[in-house]
Amino acid sequence: MKTVVPSRTPASFPGPEFGRSADGLTVARIGDAAYAMIPTADGRHFLGSSWRLTKPLSDWKRSDFYGHGGDVADEAAFHVFAQEQAEHQGEKAALARQEFRAHASTPWGPSQGAVHYGEGVVFHSTSGHGGFHLTADRNARVHPLLRATGGWYEEDAAWAAVTTAWPDLFTGLERRQAEETLRHSWPNAWEAIHGRALRPGESSTRDGEAFARYHASDWVVISAIYSDQHRGFTEVIATRGGRRDPKSEERRFLVPSGEYKVGAFGFVIDEARHAVYDGPSSFIGWRGREGG
């Protein structure tokens, strides 16, 4: 069975086509791109991807998918992802970006291919990395808190500055991803651009700063290993506030392994429940400091 979901993509670009593979996977085709919900041993699913699978969806198999795109919560989330990708591809086609050969030197090596996004905005690919280059007049429009001298913006995170300055050159998906990148990586710039403070849960950087302030005097784990001496326990090394300064006092604690979970910013020791451990260390070569 397969269905085609209506989309807001241009008529020239197909919407997502959904179906079941030969081995029962939920799959989707969007133009030349192919995706599948692939189950894991622990009952979760991850996004598998492939390219130009010309055979019918019902003939696809797990072995056809080689890419790994992260976790997928459920089938509804998979459908949302596919629809979003279809809209993105349609918008990108409408932007008519042009690929060309550029004899240019970039901060990441010689350019091996380039894409013209707009006047003065070019993306360069190299053997190991890539990023945008803006001409001086274009770069002058980038927010001062995000502006890079020379106009080079690497593809992992700094590209968000380009999207923020020139949103009309990017798709809706790219603009949303750029906004998210700013919130998490450059919260000061995001707050200056949007004119308000970020709320708890909106920025990992801001939340990390709050965690560090709140737990500055607590023992926070900086290293952990399953205990060789105490089965079912994890032996951890902790410092005040999770500081990694060599001069910081370190202590070892035993934490039940079923309880030990590393949160977004660290595991905080509860001194009323987690005992200081002075026995043989499972950390090879570790030497406790006085009082540890």
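For the sequence shown, the numbering used here begins at 1 and goes up steadily by one. Beta carbons: idealized from backbone N, C-alpha and C, even for Gly. Just so you know, these numbers come straight off a predicted model, no measurement behind them.
Taking just the CA atoms, how far does Ala157 sit from Arg244? Cα to Cα, Arg244 sits roughly 26 Å from Ala157.
Pro187 by DSSP, collapsed to three states: which one? helix
Nearest-angstrom Cα separation, counted from Gly151 out to Glu191: 22 Å
Whole beta strand (DSSP E) elements within the stretch 114–172, 3-residue minimum: 121–125, 130–134, 152–154
Ranges of the beta strand (DSSP E) found wholly within the stretch 195–265, counting only runs of at least 3: Whole beta strand (DSSP E) segments, 3+ residues: 219–226, 233–240, 251–256.
Look at Ile222 and Phe283 and say whether their C-beta atoms are less than 9 Å apart. no
DSSP beta-bridge partners of Gly70: Per DSSP, none; premise fails for Gly70.
Using CA atoms only, rank isn't needed, just tell me which of Tyr35, Leu169, Gly266, Thr234 is closest to Arg252. Thr234
Short Cβ contact (9 Å threshold) for Gln177 with Thr163: yes
Please report the residue range of the alpha helix (DSSP H) in which Phe18 lies. It is not in any alpha helix (DSSP H) - Phe18 instead sits in the beta strand (DSSP E) that spans 17–20.
His45 - partner residues in DSSP beta bridges: Partner(s): Pro39.
Let me make sure I understand the geometry here. Which of Thr40, Ala36, Gly70 has the alpha-carbon closest to that of Glu57? Here the sequence assigns Leu to residue 57, which means Glu is not the residue at that position. A check of alpha carbon separations from Leu57 across Thr40, Ala36, Gly70 identifies Ala36 as the nearest.
Whole angstroms is fine: what's the gap from Asp207's alpha carbon to Phe46's? 27 Å
Ile284 (DSSP reduced to helix, strand or coil): Assigned with DSSP and collapsed to three states, Ile284 falls in coil, not helix or strand.
Grab me the residues of Glu174's own chain with a C-beta within less than 7 Å of its C-beta, minus the 5 sequence neighbours each way, in chain order. Thr163
Could you check how far apart the C-beta atoms of Lys55 and Asp23 are, in whole angstroms? I think they sit under 8 Å. Not quite, the Cβ-Cβ distance comes to about 14 Å (not below 8 Å), so this is no contact.
For the structure I just gave you, are there three or more beta carbon pairs, one from the stretch 132–147 and one from the stretch 184–201, closer than 8 Å? yes
Same chain only: Cβ atoms within 8 Å of Gly109, ignoring 5 sequence neighbours per side: Thr126, Ser127, Gly128, His129
Can you pull the DSSP bridge partners for Ile269? Ile269 is not bridged to any residue.
Alpha carbon of Arg141 to alpha carbon of Leu254, nearest angstrom: 54 Å
Determine the burial state of Thr214: buried for a count of at least 16 other Cβ atoms within 10 Å of its Cβ, exposed for fewer. The displayed chain sequence assigns Tyr, not Thr, to residue 214. Exposed is the call here.
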